[in-house]
Structure formats: structure tokens, C-alpha cells
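Novice: Everything in the sequence shown is counted per our numbering, starting at 50 for the first residue and increasing by one.
Yeah, the Cβ is synthetic: ideal placement off N, Cα and C, and Gly gets one too.
Can you keep this structure in mind? I'll have questions shortly.
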Amino acid sequence: MTIKRFIAGAVCQACGQQDKVRAWDDPNAQAMYRECVACGYTDVLAHASEHTSELLTRVNYTDPVFDEDVSPVRILDPRSMH
Ligand SMILES: [Zn+2]
50 MTIKRFIAGA VCQACGQQDK VRAWDDPNAQ AMYRECVACG YTDVLAHASE HTSELLTRVN
110 YTDPVFDEDV SPVRILDPRS MH
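Structure representation (C-alpha cells):
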């Protein structure tokens, strides 16, 4: 169910009248619609998709840690043990 609410103080871009614009969200389209009841002007703002793409680009990749303090493995010569 869509709830259309008037935006207090909003001015229509088309006719310039105040308090005639109402807006509602469309969860399926991830967009916000604006409509002027005076002249019938409609506007669509796709806002949710921008946030989604922004989050996907912020994936942090952890760099592999190379431990430089690792000493080489000593190979014991069995002949030196005598
Ligand atoms: Zn208008």
C-alpha cells in the first residue's frame, strides 16, 4: 500500500505553486516519486540504487601478511651429529 504525503513548503518545478507536491516511495522500483496535484507534474528520484552500488565498491580486500621474521628452516646434517 502506497502512502502519498504532501511535502510541506515544497514548490512545484513546473507550475511553481507551493504545498501542491506530494511524494511517495516505491519499494519495488527503489525510487521516490513526486507529483504535483495542481498541474500533474511528476518526478522520479531513484535513490536506493545509488546506495547499493556505493556499498559494493567499498569492499575491503585484506592484504596477505608476509612475515619477514621467519627464519629459514635448518636442515640438520646427520653426519655432523657423530
Ligand atoms: Zn505543478
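Does DSSP put R54 in a helix, a strand or coil?
Specialist: Note: R54 maps to strand in three-state DSSP.
Novice: With a threshold of 8 Å, establish whether the CB of V93 neighbours any heavy atom of ligand 1.
Specialist: No.
Novice: Is there at least one non-hydrogen atom of ligand 1 closer than 8 Å to the beta-carbon of A57?
Specialist: Outside the cutoff, so no.
Novice: Go to Y82, then tell me how far its beta strand (DSSP E) extends in each direction, as first and last residue.
Specialist: Start and end: 80 to 85.
Novice: Do A63 and Q79 have their C-beta atoms within less than 9 Å of each other?
Specialist: Cβ atoms of A63 and Q79: not closer than 9 Å.
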